[in-house]
Amino acid sequence: MLGVAAVGPAPALVLSAMETALGEAFQLPVQRLDAIEEPARAFAPARAQWSSTVFLEELLRRVPPGASHLLGVTERDLFVPVLSFVYGQAQLGGQVAVVSLARLRPEFHGLPPAPAVLARRAAAEAVHEVGHTFGLVHCRDHRCPMSLSIDLPDLDGKTATPCAACATLLEGSREMRRARARTEGGRR
Amino acid sequence: MRARWHILVVDDEEAMTESLAAWLREDGYTVDTASSGREAIEKARGREYAIYFVDLKMPGGLDGIETMIEIRKLQTEASVIVITAYATVDTAITAMKEGAQEYVVKPCHPQEISLLVERIIRVKNLERENAILRRKLTRQYRFHDLVSKNPRMAEIFDLVREVARQRSTVLVQGESGTGKELVARAIHYSGERGERPFVAVSCAALAETLLESELFGYEKGSFTGAVAQRKGKFELADGGTLFLDEIGDISAKLQADLVRVLQERRFFRVGGTNEVAVDVRVIAATHRDLAADVREGRFRDDLYYRLNVISIRIPPLRERREDVPLLAQEFLDRLSHELGRAASGVSEEALRILMDYDWPGNVRELENAVERALVTCKTGVLGAEDFAFLARPGAGSPGLSLPAGLTLQALEREYITATLRRTQGNIKAAAEALGIDRSTLYEKVKRYDITR
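Chains as they are written, first to last, in the working numbering: chain Z, 115 to 302; chain Y, 28 to 479.
This is how it looks when you write it as structure tokens:
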């Protein structure tokens with residue numbers, strides 16, 4: 115089972131869109147978990163941003179027994195020390211990932227709010243970050259959610275459905291076998 | 028496919044190292060980390076990394092620039108990207124001067140790192156592909172240590188394969204530096220004798236008496252200093268091949284001795300009374316026109332005919348100019364490795380100079396020229412300026428033939444025209460070759476109305 119939890123406030127409609135995309139992309143049951151409190155120590159005053167690594171540490175402590183993976187969703191603008199910002203971060207081949215909605219919102223870029231656009235972007239980013247937890251790395255196919263797309267036009271060119279190559283890698287991945295085994299075990 | 032490229036991230040701040048490493052791993056690369064310059068150098072000794080991200084400021088021990096210099100000593104082809112939080116123009120210039128390929132200010136835009144690495148890896152992939160293709164191409168034109176795509180050389184390779192199976196004496200003729208000994212070695216190692224010794228003697232290098240004892244050996248007490256019996260080259264080459272270089276330079280007495288050995292395959296050591304029998308294949312070589320020497324009585328005809336059972340004449344390099352690029356690249360690959368210089372190719376302009384040059388010293392001169400250019404080369408590609416010495420008078424270019432009645436001005440015009448032709452119209456190289464500055468050369472070109 116893939117768990118999805120808001121870290122702090124997050125719009126329910128966007129969370130739903132992310133859950134639907136995750137279910138379709140990974141063919142695993144997805145479950146909404148209770149919202150998690152924001153880790154205050156993640157805030158870096160010098161950058162006025164939030165450390166995504168601290169978010170991941172917090173999420174790791176919150177993985178429920180029945181979940182193979184946990185995705186946190188935040189409105190905060192995230193960063194890692196070497197980069198000016200990130201849309202999200204994941205443990206490569208690990209259990210947890212986080213997606214920030216801050217820069218996915220059109221209004222962050224001076225455009226009028228567009229809930230549908232936000233939901234579509236958030237869905238693709240959710241599959242991207244959770245894909246990393248299944249061991250997938252960046253893909254060259256610009257339409258694949260695993261592609262590295264930072265600029266908005268590229269970001270909007272992404273779909274939430276992994277390309278054939280990534281889907282094949284996903285099927286053969288050790289992480290996917292484990293997740294399936296865990297889900298089967300939970301059902302029994 | 029990216030996982031085969033290894034990247035090392037060097038920074039004393041763990042948060043920086045880990046976040047950059049994690050980002051690069053998401054891009055699919057295999058990433059190691061080091062928390063100091065020393066640790067980075069240790070890791071570089073154990074593995075070849077395609078790219079090093081090195082933080083500029085690291086407290087204690089080596090800073091980023093020093094670390095980069097040490098890494099580049101170990102791995103000349105490594106790409107180093109310097110990262111810093113304190114960007115100034117000076118530090119950027121210093122880093123680039125010392126060999127950094129890129130300079131990144133942290134925190135940087137996420138795509139910047141990924142695009143930078145992708146660009147470097149794309150170039151490395153092309154370089155690797157290029158090296159493989161070049162090796163394939165060289166293999167196609169390689170026969171033992173000989174490299175050529177010239178049809179006459181291809182015939183020689185066929186002949187070598189043919190004669191390698193026999194024991195007949197071979198006479199290899201060609202100008203100095205054409206690779207006569209390499210042909211002799213190719214004959215030896217292509218045949219059944221390849222497992223046995225190949226012994227080379229330069230007949231021109233030794234005085235007559237020394238050469239005699241060198242070839243046939245001597246008995247103890249046969250002359251002052253002969254304190255013990257010593258085997259000569261003929262005996263040492265028993266079962267194998269004896270290569271007699273510069274055979275045209277031996278004395279009349281030695282010519283007579285050789286006739287006998289070639290005929291009977293037995294000889295006496297100097298001062299000896301017992302005959303020694305040997306099974307030796309003789310390959311002789313000379314840069315002289317032996318047939319002319321025979322006609323003029325300087326070389327015994329019976330020896331000439333015994334040596335010249337199979338004749339191989341190697342064309343000079345100027346008659347197989349198509350081999351120049353191939354040979355230049357071959358020497359460049361080998362010498363850059365031997366000399367620890369990172370030059371990957373020869374520019375088109377430089378190749379034109381090499382193709383136009385007459386190579387009086389043949390392949391050996393080309394090898395020396397590539398070595399000299401490599402030593403002075405400041406970029407990764409040998410350029411026309413690195414071969415400027417080839418255009419200098421006295422550096423091996425053929426002598427001028429001067430018609431009578433030429434005025435000094437006409438001579439100057441002719442010489443400038445010839446030099447410009449040799450440098451493919453390159454004013455800088457021509458001025459350097461002529462020993463004048465560029466403005467003077469421009470002036471003369473204009474005055475004499477020379478078309479470049």
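Built from N, CA and C at the ideal position, the CB exists for glycine as well.
All of these numbers come straight from a predicted model, not from anything done at the bench.
Of the listed residues Z:G208, Z:E189 and Z:R155, nearest to Y201 (chain Z) (C-alpha basis): Taking the first residue of the first sequence as position 1, residue 201 (chain Z) is located at position 87. Checked all of Z:G208, Z:E189 and Z:R155; the closest Cα to Y201 (chain Z) is Z:E189.
Spatial neighbours of A370 (chain Y) in its chain, beta-carbon cut-off 7 Å, leaving aside the 5 residues before and after: Walking along the second sequence from the start, residue 370 (chain Y) turns up at place 343. Hits under 7 Å: L359, S363, L401, C404, G407, V408 and L409.
Cβ distance (whole Å) where R347 (chain Y) is taken to contact S175 (chain Y) below 8 Å: Numbered from its first residue, the second sequence carries residue 347 (chain Y) at position 320. Numbered from its first residue, the second sequence carries residue 175 (chain Y) at position 148. Going by Cβ atoms, the distance from R347 (chain Y) to S175 (chain Y) rounds to 7 Å, so yes, they are a contact pair.
Cβ separation of L284 (chain Z) and L250 (chain Z), assumed to be a contact under 8 Å, to the nearest whole Å: The residue labelled residue 284 (chain Z) in the question sits at position 170 within the first sequence. The residue labelled residue 250 (chain Z) in the question sits at position 136 within the first sequence. Rounded, the Cβ-Cβ distance is 6 Å, consistent with contact.
Coil, strand or helix - L35 (chain Y) by DSSP: Reading the second sequence from its first residue, position 8 is the one you call residue 35 (chain Y). Strand, per DSSP.
Under 8 Å between C-beta atoms of V210 (chain Y) and V199 (chain Y): Residue 210 (chain Y) sits at position 183 when you count from the first residue of the second sequence. Residue 199 (chain Y) sits at position 172 when you count from the first residue of the second sequence. Their beta carbons are under 8 Å apart, which means V210 (chain Y) touches V199 (chain Y) by this criterion.
Counted within 10 angstroms of its Cβ, other Cβ atoms place G271 (chain Z) as buried (16 or more) or exposed: The residue you call residue 271 (chain Z) lines up with position 157 of the first sequence. With fewer than 16 other Cβ atoms within 10 Å, it is exposed.
C-alpha gap between V219 (chain Z) and M132 (chain Z), whole angstroms: What you label residue 219 (chain Z) is simply residue 105 of the first sequence in a count that begins at 1. What you label residue 132 (chain Z) is simply residue 18 of the first sequence in a count that begins at 1. It should be noted that the sequence gives Arg, not Val, for residue 219 (chain Z). It is roughly 15 Å from the alpha-carbon of R219 (chain Z) to the alpha-carbon of M132 (chain Z).
Residues near S424 (chain Y) by beta carbon distance below 7 Å, same chain, minus five either side: By 1-based counting over the second sequence, the position of residue 424 (chain Y) is 397. In this predicted model, S424 (chain Y) has a pLDDT of only 43, less than 50, meaning its place in the structure is not dependable; the value taken from the coordinates is given anyway. Excluding positions up to five away in sequence, the list reads D385.
The stretch 204-214 of chain Z contacting the stretch 165-182 of chain Z, beta-carbon criterion three pairs below 8 Å: yes
Per-residue burial, Q356 (chain Y) [other beta carbons within 10 Å of its own, 16 or more giving buried]: As a working note, residue 356 (chain Y) is residue 329 in the second sequence. It counts as buried.
Length-filtered (3 minimum) beta strand (DSSP E) runs lying within the stretch 296-356 of chain Y: 302-304, 308-313 and 337-340
Proximity test, Cβ basis, 8 Å: E182 (chain Y) and chain Z: The sequence position of residue 182 (chain Y) within the second sequence is 155, counting from 1. So no, E182 (chain Y) is outside the interface.
Chain Z contacts made by the stretch 47-75 of chain Y, where a contact means CB separation under 8 Å: L47, A49, W50, R52, E53, D54 and G55
Any 3 or more C-beta pairs closer than 8 Å across the stretch 213-227 of chain Y and the stretch 275-283 of chain Y: no
Close beta carbons around R74 (chain Y), own chain, < 7 Å, minus the five adjacent residues each side: Residue 74 (chain Y) sits at position 47 when you count from the first residue of the second sequence. Closer than 7 Å at Cβ, skipping near neighbours: H33.
Beta bridge counterpart(s) of K258 (chain Y) as assigned by DSSP: As a working mapping, residue 258 (chain Y) is identified with position 231 in the second sequence. In the DSSP output, where bridge partners are listed per residue, K258 (chain Y) has Y:G244.
Runs of beta strand (DSSP E) wholly within the stretch 39-110 of chain Y (minimum 3 residues, chain order): 57-61 and 78-82
DSSP state of T188 (chain Z) mapped onto helix, strand, coil: What you label residue 188 (chain Z) is simply residue 74 of the first sequence in a count that begins at 1. In this structure, T188 (chain Z) counts as strand in the three-state DSSP scheme.
Chain-ordered chain Y contacts of S214 (chain Z) [CB-CB under 8 Å]: Numbered from its first residue, the first sequence carries residue 214 (chain Z) at position 100. What S214 (chain Z) touches in chain Y: nothing, since even the nearest Cβ is about 12 Å away.
K133 (chain Y) at chain Z interface by Cβ criterion, 8 Å: Numbered from 1 along the second sequence, position 106 holds the residue referred to as residue 133 (chain Y). Answer yes: the Cβ-Cβ gap between K133 (chain Y) and chain Z drops below 8 Å somewhere.
Sub-8 Å separation of N177 (chain Y) and E349 (chain Y) beta-carbons: The sequence position of residue 177 (chain Y) within the second sequence is 150, counting from 1. The sequence position of residue 349 (chain Y) within the second sequence is 322, counting from 1. Cβ distance < 8 Å, so N177 (chain Y) and E349 (chain Y) count as in contact.
Exposure of D268 (chain Z), with buried meaning 16 or more beta-carbon neighbours within 10 Å: The count along the first sequence starts at 1 and reaches residue 268 (chain Z) at position 154. Classification of D268 (chain Z): exposed, given that the 10 Å Cβ count is below 16.
Cutoff 8 Å: S198 (chain Z) Cβ touching any chain Y Cβ: Working through the first sequence from its first residue, we reach residue 198 (chain Z) at position 84. With 8 Å as the cut-off, S198 (chain Z) counts as an interface residue toward chain Y.
Closer than 8 Å to chain Z by CB, P343 (chain Y): Here residue 343 (chain Y) refers to the residue found at position 316 of the second sequence. No - not a single Cβ of chain Z is within 8 Å of the one on P343 (chain Y).
Option nearest G87 (chain Y) by Cα separation, candidates Y:S62, Y:R72 and Y:A318: Counted from its first residue, the second sequence places residue 87 (chain Y) at position 60. Of the candidates Y:S62, Y:R72 and Y:A318, the one whose C-alpha sits nearest the C-alpha of G87 (chain Y) is Y:S62.
Alpha carbon of G207 (chain Z) to alpha carbon of H246 (chain Z), nearest angstrom: Indexing the first sequence from 1 puts residue 207 (chain Z) at position 93. Indexing the first sequence from 1 puts residue 246 (chain Z) at position 132. Computed Cα separation, rounded: 6 Å.
Three-state secondary structure (DSSP) of H215 (chain Y): The residue labelled residue 215 (chain Y) in the question sits at position 188 within the second sequence. H215 (chain Y): helix per DSSP, three-state reduction.
is_contact[V118 (chain Z), chain Y] using C-beta, thresh 8 Å: Counting from 1 along the first sequence, the entry for residue 118 (chain Z) is found at position 4. Taking Cβ atoms only, chain Y never reaches closer than 8 Å to V118 (chain Z), which makes this a no.
Under 8 Å between C-beta atoms of N395 (chain Y) and E202 (chain Y): Locating residue 395 (chain Y) in the second sequence gives position 368, counting from the first residue. Locating residue 202 (chain Y) in the second sequence gives position 175, counting from the first residue. No, they are not a contact pair.
Proximal residues to L266 (chain Z) (C-beta, below 7 Å), its chain only, five neighbours per side dropped: Locating residue 266 (chain Z) in the first sequence gives position 152, where the first residue counts as 1. The answer, listed in chain order, is H223.
Straight-line Cα distance separating A457 (chain Y) from A114 (chain Y): Counting from one through the second sequence, the residue named residue 114 (chain Y) turns up at place 87. Counting from one through the second sequence, the residue named residue 457 (chain Y) turns up at place 430. Rounded to the nearest angstrom, the two C-alpha atoms are 43 Å apart.
Contact with chain Y by H256 (chain Z), beta-carbon distance below 8 Å: In the first sequence, the residue the question calls residue 256 (chain Z) occupies position 142. No, because no Cβ of chain Y sits closer than 8 Å to the Cβ of H256 (chain Z).
Neighbouring residues, chain Z, relative to S141 (chain Y) (Cβ below 9 Å): Stepping through the second sequence from its first residue, residue 141 (chain Y) is reached at position 114. Those are H252, L262 and I264, listed as they occur along chain Z.
With 16 other Cβ atoms within 10 Å as the buried cut-off, status of D476 (chain Y): Looking up residue 476 (chain Y) in the second sequence gives position 449. So D476 (chain Y) counts as exposed.
Listed by chain order, chain Y residues near L95 (chain Z) by CB distance under 9 Å: In this structure chain Z extends from 115 to 302, so residue 95 (chain Z) is not present and cannot be described.
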